[in-house]
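Those sequence lines, one after another, are chains A and B. Final position of the first sequence in this note's numbering is 615; the numbers increase by one with none missing. Final position of the second sequence in this note's numbering is 342; the numbers increase by one with none missing. We treat Cβ as the ideally placed atom computed from N, Cα and C, and that holds for glycine. The model shown is predicted, which means the values in this text are computed figures rather than measured ones. Written below as structure tokens is the structure these notes are about.
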Amino acid sequence: MSATGTARRGPGWITRTFVHGISGWLTLLTFIFMLAPIVVLIAFAFNSGRSTVVWTGFSLDWFAKVWSNRHIARALNVSLVVAIASAAIATAIGALAAIAITRRQFPGRDVLGAALAAPLVLPEIVLGVALLVFMSYAGVSLGYRTMIVGHVLVSVPFATLIVRAAASSLDPQLEHAAADLGANEWQTFRMVTLPQLMPALFTSFILAATLSFDNLVMSTFTSGVGTTTLPLRIYSMLKLGITPEINALGTLLVLANVTILFLVMGRYLPLMLKTNRR
Amino acid sequence: MSNSDTGVVELRGVVKRFNSFTAIRRLDLTIKTGEFFTMLGASGCGKTTTLRLIAGFELPSEGRILIDGDDVSEVPAHLRPVHTVFQSYALFPHLSILDNVGFPLTVRRVPRKERLERARAALDLVQMGGFFDRKPSQLSGGQQQRVALARALINEPKVLLLDEPLGALDLKLRKEMQHELKEMQRRLGITFVFVTHDQEEALTMSDRIALMRGGEIVQLDSPTGLYNTPSSLYAAEFIGETNMMPGEVVEVGQGRARVAAFGQELDVRTADAISAGTPVTLTIRPERVAAAGTAGPNRVEGRLREIDFIGTDIRLVYDMPGGTRVTMRRQNIGSAAPVPGEPGWLEFGDGDLRLFRH
Chain A
338 MSATGTARRG
348 PGWITRTFVH
358 GISGWLTLLT
368 FIFMLAPIVV
378 LIAFAFNSGR
388 STVVWTGFSL
398 DWFAKVWSNR
408 HIARALNVSL
418 VVAIASAAIA
428 TAIGALAAIA
438 ITRRQFPGRD
448 VLGAALAAPL
458 VLPEIVLGVA
468 LLVFMSYAGV
478 SLGYRTMIVG
488 HVLVSVPFAT
498 LIVRAAASSL
508 DPQLEHAAAD
518 LGANEWQTFR
528 MVTLPQLMPA
538 LFTSFILAAT
548 LSFDNLVMST
558 FTSGVGTTTL
568 PLRIYSMLKL
578 GITPEINALG
588 TLLVLANVTI
598 LFLVMGRYLP
608 LMLKTNRR
Chain B
-15 MSNSDTGVVE
-5 LRGVVKRFNS
5 FTAIRRLDLT
15 IKTGEFFTML
25 GASGCGKTTT
35 LRLIAGFELP
45 SEGRILIDGD
55 DVSEVPAHLR
65 PVHTVFQSYA
75 LFPHLSILDN
85 VGFPLTVRRV
95 PRKERLERAR
105 AALDLVQMGG
115 FFDRKPSQLS
125 GGQQQRVALA
135 RALINEPKVL
145 LLDEPLGALD
155 LKLRKEMQHE
165 LKEMQRRLGI
175 TFVFVTHDQE
185 EALTMSDRIA
195 LMRGGEIVQL
205 DSPTGLYNTP
215 SSLYAAEFIG
225 ETNMMPGEVV
235 EVGQGRARVA
245 AFGQELDVRT
255 ADAISAGTPV
265 TLTIRPERVA
275 AAGTAGPNRV
285 EGRLREIDFI
295 GTDIRLVYDM
305 PGGTRVTMRR
315 QNIGSAAPVP
325 GEPGWLEFGD
335 GDLRLFRH
């Protein structure tokens, strides 16, 4: 490195120019490509006119409108209930499955592992249709129950993968130590295994809740009368014509997401930095 | 229940198989109350498996295990009156030092006040007072080892099992801990069952040593017995440093034999029934080889090849007739050392030589 570095125009100068110059610009372009639509969305939320293309002036009216829209409030409520319920159930299933797969020997262990990851590769629309057909066959009316089941189905693979990664990095010696010191299986789980899995369970819950909150396809098939989620509501609003009200709603969602992200990072970032420094 | 004839731990005809692999061939072993018992051997000899069988992490394929007179062969680990100190310490990373040490009491639902008092006392015992609120990751390896020890001792187990507990410590700390462990064992009177691959450690600390190989005990003896009178070539080689010299029995007498080695004949004391013409290996410890000024019985002339300065000792390596090398070890008492290339007479005392058949 130092030999080519001292030669002013050695054979590596093209690479160096690319690395130092062009790659920086490429990074910038990538960011613009990713973030520009969101910036435009947020900007037009403050437009005073009805257009999402032509700027006519600054106003906060659209936010007021979102705030007073009963349908949106109701949809938000539905989304939150479904997100929290399905995330809790998915995380519980994922955690138990992950512990079973990493800690126990039983016949069909590999099959179970594969089956739990299967929804990940199946098209969601197929899952949705299958669930709809099954529910109508079983005579279950569409509503919260069917939607929560659907969302659990979508997020269980992620929950399992996250907790599995954490569970497989646990030191099995610690469980032996707990047993050796007199703890029965339940005490070992409650006092040794579970506390160590907490960060993974938390991550899994947040991810599953986010997936559910975002979900459109599964919700389309499994929602019933009066259980319209926020994405479904936005989608139906689009059909009536786009107004900056949607921009305002989108802006609020971005704000909420970033806030949650920072709260999570604020809790875990110092921890991560500390472990990396060792 | 326990008395001096029945040991605190007894293994009767224990066999352990993992699928097709037999880890323990057949083990009959009695560990006496209050002794410092060591299982010594190279990796894969079955010493750790034996410890895990006593702890209850593995169940025997055949045979019975008794602790304090009770048959615990089928009893799960958490109900056995033994505790283990692991090589990796196995401290709970999410608990403070005090809660780690108090863990055995927490699971037994000992009231909080008593638990904390006893945990503090246990930490004081291992000189780790003042570290109560730290997490294990904030301690050094040696400190973690002390905490693990306090945690295993807090419940006053009948038997303490130690699985290479000093293996991860550096040499100086290891020597200190060896001394401290031995001291603590004497003071508390708890039976220690110690596993190590370090023969020096085993010799320093143990009351008795079981030398293991291939899932069996090769020799069960006191440290001096194991060192001075190894019963096999393997034991002689594994414990300490040993010179090995090929030879052939020429003549057998009452409790002694004459063996041809280095192109001459040496007198060896032996209790073995052995016949003339048998090829054998003679062994002698480097510190038992004596320098002799002149020729004489049981003396062989060699040529000094190299000198290693060790500090307290000097190692002299001699080229002997027939191509064998013999190491002599003597104290560094400041006298002039010979120069490589010089010839010298070495004496092999008839009681210091040991004779093994192939």
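Indicate the three-state DSSP secondary structure (helix, strand or coil) for residue i in the structure shown.
i, result
"Gly328(B)", "strand"
"Asp152(B)", "Before going on, a small fix: residue 152(B) reads as Ala here, not Asp. Correct three-state label for Ala152(B): coil."
"His67(B)", "strand"
"Ile597(A)", "helix"
"Lys0(B)", "strand"
"Ile8(B)", "strand"
"Gln248(B)", "strand"
"Ile421(A)", "helix"
"Ala340(A)", "In this prediction, Ala340(A) scores a pLDDT of 45, lower than 50, which makes its location untrustworthy; no coordinate-derived value is stated."
"Ala382(A)", "coil"
"Arg197(B)", "strand"
"Phe116(B)", "coil"
"Asp267(B)", "Checking the displayed sequence, the identity of residue 267(B) turns out to be Thr instead of Asp. DSSP places Thr267(B) in strand when its eight states are reduced to three."
"Val647(A)", "There is simply no residue 647(A) to check, as chain A begins at 338 and stops at 615 in what is shown."
"Asp147(B)", "strand"
"Arg407(A)", "helix"
"Ile38(B)", "helix"
"Leu339(B)", "strand"
"Ile258(B)", "coil"
"Val587(A)", "A small fix is needed here, since residue 587(A) is Gly in this sequence, not Val. Gly587(A) falls in the helix class under three-state DSSP."
"Leu13(B)", "strand"
"Arg93(B)", "coil"
"Thr32(B)", "helix"
"Phe178(B)", "strand"
What span of residues does the alpha helix (DSSP H) with residue i cover, start to end?
i, result
"Tyr218(B)", "Leu217 to Phe222"
"Asp108(B)", "Arg96 to Leu109"
"Val(-8)(B)", "Per DSSP, Val(-8)(B) belongs to no alpha helix (DSSP H) and is neither H nor E."
"Met189(B)", "Gln183 to Met189"
"Phe20(B)", "Careful: Phe20(B) lies outside any alpha helix (DSSP H), inside the beta strand (DSSP E) at Phe20 to Leu24."
"Leu89(B)", "Ile81 to Thr90"
"Glu290(B)", "Taken as a continuous stretch (DSSP letters only), Glu290(B) belongs to no alpha helix (DSSP H), being part of the beta strand (DSSP E) at Arg283 to Phe293."
"Arg135(B)", "Gly125 to Leu137"
"Thr525(A)", "Glu522 to Thr525"
In chain C, which residues lie with their C-beta within 7 Å of the C-beta of residue i?
i, result
"Val529(A)", "No chain C is part of this structure, whose protein chains are labelled A and B."
Check the Cβ of residue i against every Cβ in chain B and list those closer than 7 Å, keeping chain order.
i, result
"Gln524(A)", "Val91"
Run through chain A and tell me which residues come within less than 7 Å of residue i, C-beta to C-beta.
i, result
"Pro88(B)", "Leu518 and Gly519"
Would you mind reading off the limits of the beta strand (DSSP E) that contains residue i?
i, result
"Thr311(B)", "Arg309 to Gln315"
"Leu548(A)", "First-last for Leu548(A): Leu531 to Asp551, but that is the alpha helix (DSSP H), not the beta strand (DSSP E)."
"Asp303(B)", "Asp297 to Asp303"
"Ala321(B)", "No beta strand (DSSP E) contains Ala321(B), which DSSP labels as neither H nor E."
"Gly209(B)", "Not the beta strand (DSSP E): Gly209(B) falls in the alpha helix (DSSP H), residues Pro207 to Asn212."
"Asn227(B)", "Asn227 to Gly237"
"Arg353(A)", "It is not in any beta strand (DSSP E) - Arg353(A) instead sits in the alpha helix (DSSP H) that spans Trp350 to Thr354."
"Val273(B)", "Val273 to Ala276"
"Gly47(B)", "Glu46 to Ile51"
Determine the chain A residues that contact residue i at a beta-carbon separation under 8 Å, and present them in chain order.
i, result
"Arg135(B)", "Leu518"
"Ser420(B)", "No answer is possible for residue 420(B): it lies beyond the span of chain B, which begins at -15 and ends at 342."
Determine the chain A residues that contact residue i at a beta-carbon separation under 9 Å, and present them in chain order.
i, result
"Thr68(B)", "His513, Ala514, Asp517 and Leu518"
Short-range partners of chain B found in the segment 494 to 517 of chain A, where Cβ spacing is below 8 Å: Asp508, Gln510, Leu511, His513, Ala514, Ala515, Ala516 and Asp517
Near-chain A residues of the segment 29 to 41 of chain B - C-beta to any C-beta below 9 Å: Arg36, Ala39, Gly40 and Phe41
Length at least 4, wholly inside the segment 439 to 509 of chain A: the alpha helix (DSSP H) runs in chain order: 446 to 458, 461 to 475 and 481 to 505
Residues from the segment 50 to 64 of chain B in contact with chain A, defined by Cβ distance under 9 Å: Pro60, Ala61, His62, Leu63 and Arg64
Positions along the segment 531 to 565 of chain A whose CB lies within less than 9 Å of some CB in chain B: Pro532, Gln533 and Met535
Start-end ranges of the beta strand (DSSP E) lying completely within the segment 551 to 577 of chain A, minimum 3 residues: none
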